[in-house]
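Q:
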Amino acid sequence: MNQNYRQSLQAANQLLRAQRGAESLRLCQQLLQQNPNEPNALQLLGLSQQQIGDVAAAELSFKAALKAAPKLPQPLLAYAAFLRQRGRFAQAKETLESALALAPELVDVWNALARLHYQQELWSEAMSYTLKAVELAPGAAPLWELATAIAQKQHDVPRALELCRAGLKHSPKAPRLHYSLAQLLRQDCEFAEAAKAYEQARLLGFEQPDLYRNRAEALLDSGDIGAAVTCANAGVERFPAHALLQQTAAQLSFSSGAKRDHLEKLRSTARQQPENPALWQTLIELMKRLGEEDDVAETLQDAQRLGCPATLNLQVLGALDLAERGQDVEALGRLQRLCDESPDSSYASHNFAMQLLCCNEAERAESVSANWLSKNPYDQIMLAYRGTALQLLGDDRESWLMDYDRMVLPIEVPAPPEFASREEYFAELARILEGLHHSNAQPIEQSVRGGTQTNGFLFRLKEPLLLGLEHQLQLAIAGALQNMPTDADHPFWGRNTRPSKATDLRMAGAWSVRLSDQGFHANHIHPEGWVSSALYISLPDEVQQGQGTEGHIQFGRPMKELGLDLEPRRIVKPVVGTLVLFPSYMWHGTLPFHSDQPRITVAFDLLPGAR
């Protein structure tokens, strides 16, 4: 092979890497005219054909390369990768085993075997192949990353940390390994150390929006909300077009007490990048949550005037703004059209049903929600809307869907045996939970008003008392579910799997809320749950001893945005140590109270099946 031929092969490979498969293909064909059986050109030809979508031709080229060079492992590796991408795993494994027989010390073969088994979620086999590859090439950071990822898939965080740190000993300047270490440390609830590892990854060149988001979350969990805000703001300066990062920065800014600061920055960024619809949608939704409805119309006009694409979600927001300004008929007409054009859009359908209820068109709302639920029977938002529509219609099916007597279930949570009394146990829990509320203001995305909410899954923390609480809750809930009815045709009772043991319960989220004087929960539902809950940890004297309903939990009163004058269907007085379970789709909220003492709860959502 002469020098010109080698240079042409390199050029074809560079074109392939630049996603210019058609040009690479033509160059390979020219090379093969000179030497029809040259294996490197045949292999590159197959890769080029694969890139442009000519799968059948690509397979013929790979097989030709194998025939031309039966003793070389590289054509076998290329063909195995092709087979793996086509889902032909057994053939890919057989091909790689042939390559292994030819070159047992070639790292690429072990790496390919590891990734083949990783794709099939065969974690033990994938780990075995990866460790062999690491043994042959201990300085290869991507192999340590793979080993770390496999250990995570095996739910073995200590092993993942061990592998990640071992990799960093060999490759101390590998930015992705530092990022992996940060992710693992955060998962292991070592939040301050995680924040340092994220920063080290950034300093070594790992500049990604998710790094700023995750580091900000780690700083918040470590108790430093000021540093979290600073980190998120630095992220949006670096990646202003990233809507999710902008949303995180706004939420943190609001939680720190600086309510409007980030909103103005986001508005300016959207105007500078007018063709980014995600930025405009994030801006408008934040404005609506902050009660700045009067400025939404102008913002939508700005987006349109500056050339923002009219995405489905922005059109939905435009229709909602028409309704906000009293143009109900036109708003409903637009929402109907959008739902007809995009029948699988939950965003359009949810907002259409909501707006129909706002306009007191209960019959249409019931029809829209029922139609959606026929395809998505466990959509908690639509179940809530349908329940409200049935109530407005005076339809008996409401009591079937919303059985407030049987579905709202207060149960006592016992104290562990090492505590002398339940009073002592819940007082100690209150002390622990107080230290986990790091925000200065209510979370913008949640229903809390006049209070704070903890960040992340509560029971991931290493605090022994919280881990014990999770076990106590599992025991209490398992007993309650054993006595709960089952009805295959019901969206709530029908999901009851009656767990055989406490660990057969899966929590989709868990958090703590601390309400202060005049604090309350706005009426809401939990879209991601099946069973939701409120466990009372600490209550003001005025709530425990008062004769009224201050601080009580109410059920059946819809969110205020619907504008419906409906009274609650059931009110439950909170009691320290009592867990109240209820359907996630049931409207619920907390009545305001007046006290210098806080009201502290733990809440979680439950889904059917084992964790």
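Counting the sequence shown from 1 gives a position; the working numbering is that position plus 802.
Beta carbons are placed, not taken as given, at the ideal position from N, Cα and C, and that holds for glycine.
Measure the Cβ-Cβ separation of phenylalanine 1154 and glutamine 1129 and say whether it is below 9 Å.
A: no
Q: Is the Cβ-Cβ distance between glutamine 1399 and proline 1342 less than 9 Å?
A: yes
Q: Does DSSP put tyrosine 1149 in a helix, in a strand, or in coil?
A: Three-state DSSP puts tyrosine 1149 in a helix.
Q: Can you check whether the CB of leucine 1263 is closer than 9 Å to the CB of leucine 1408?
A: No, Cβ-Cβ distance for leucine 1408 and leucine 1263 is not below 9 Å.
Q: List the DSSP bridge partners of serine 1314.
A: Per DSSP, Val1404.
Q: Could you spell out the range, first to last residue, of the alpha helix (DSSP H) harbouring serine 810?
A: 805-819
Q: Classify valine 1374 as helix, strand or coil using the three-state DSSP reduction.
A: strand
Q: Just to confirm, is the Cβ distance from alanine 882 to alanine 901 under 9 Å?
A: In this structure, alanine 901 lies closer than 9 Å to alanine 882 by Cβ.
Q: Would you mind working out which of Ala1310, Met1209 and Glu899 sits nearest glycine 1258, comparing C-alpha positions?
A: Ala1310
Q: Quick check: the Cα distance between threonine 1403 and arginine 1251, rounded to an integer number of angstroms?
A: When the Cα atoms are used, threonine 1403 and arginine 1251 turn out to be separated by approximately 14 Å.
Q: Quick check on arginine 1309: does DSSP put it in helix, strand or coil?
A: Correcting the residue identity first, residue 1309 is methionine in this sequence and not arginine. Note: methionine 1309 maps to strand in three-state DSSP.
Q: Which full runs of the alpha helix (DSSP H) of 4+ residues lie inside the stretch 1137-1208, going along the chain?
A: 1148-1160, 1164-1177, 1182-1195 and 1199-1203
Q: Less than 7 Å between C-beta atoms, sequence neighbours within five positions excluded: which residues of the same chain meet that for threonine 1113?
A: Correct list, in chain order: Pro1079.
Q: Span of the alpha helix (DSSP H) holding histidine 1273?
A: Histidine 1273 -> alpha helix (DSSP H) spans 1266-1284.
Q: Terminal residues of the continuous beta strand (DSSP E) containing phenylalanine 1384?
A: 1380-1385
Q: With the cut-off set at 9 Å, would you say glycine 1379 and glutamate 1214 are in Cβ contact?
A: yes
Q: Find out if the Cβ-Cβ distance for the pair arginine 988, tyrosine 1014 is shorter than 9 Å.
A: no
Q: Where in the stretch 1072-1102 do unbroken runs of the beta strand (DSSP E), each at least 3 residues long, occur, reported from the N-terminal end onward?
A: none
Q: Roughly how far, in whole angstroms, is the beta-carbon of leucine 846 from the beta-carbon of alanine 814, given that I think they are within contact range, below 8 Å?
A: 5 Å
Q: Reducing DSSP to helix, strand and coil, say where valine 959 ends up.
A: In the three-state scheme derived from DSSP, where H, G and I count as helix and E and B as strand, valine 959 is classed as helix.
Q: What is the rounded straight-line gap between the Cα of aspartate 1291 and the Cα of alanine 1405?
A: 28 Å
Q: Look at the Cβ atom of arginine 1316, then the Cβ atom of histidine 1239, and state whether they are nearer than 9 Å.
A: Inclusion of arginine 1316 and histidine 1239 in the CB contact set at 9 Å is warranted, their separation being smaller than that value.
Q: Tell me whether alanine 888 sits in a helix, a strand or coil according to DSSP, three-state version.
A: Looking at the sequence shown, residue 888 is not alanine but arginine. Residue state, collapsed to three classes: coil.
Q: Thinking just about the alpha-carbon of each residue, which of Glu1200, Asp1289, Ala903 and Glu1265 is nearest to the one in isoleucine 1234?
A: Glu1265
Q: May I ask you to list the residues that DSSP assigns as paired with valine 1333?
A: Pro1385 and Leu1408
Q: Per the DSSP calculation, isoleucine 1355 is bridged to which residue(s)?
A: Val1374 and Thr1392
Q: Using 8 Å as the threshold, is the stretch 907-915 in touch with the stretch 927-939, meaning 3 or more CB pairs across them?
A: yes
Q: From the DSSP output, read off the bridge partner residues of tyrosine 1338.
A: Note: tyrosine 1338 sits in a beta bridge opposite Thr1403.
Q: So the beta strand (DSSP E) isoleucine 1213 belongs to, where does it begin and stop?
A: 1211-1214
Q: So, are the CB atoms of alanine 1045 and valine 1031 less than 9 Å apart?
A: Contact flag unset, no.
Q: Taking just the CA atoms, how far does asparagine 1178 sit from tryptophan 946?
A: 42 Å
Q: To the nearest angstrom, how far is the alpha carbon of alanine 962 from that of serine 982?
A: 9 Å
Q: DSSP has glycine 1253 in a bridge; who is on the other side?
A: Leu1317
Q: Check for me: the alpha helix (DSSP H) holding leucine 1006 runs from which residue to which?
A: Segment: none, leucine 1006 is in no alpha helix (DSSP H) and carries neither H nor E.
Q: Relative to the C-alpha of leucine 1260, which candidate in Asn1285, Ala1280, Asp1096 and Leu1231 has its C-alpha closest?
A: Leu1231
Q: Please confirm whether leucine 1054 and alanine 1034 have their CB atoms less than 9 Å apart.
A: yes
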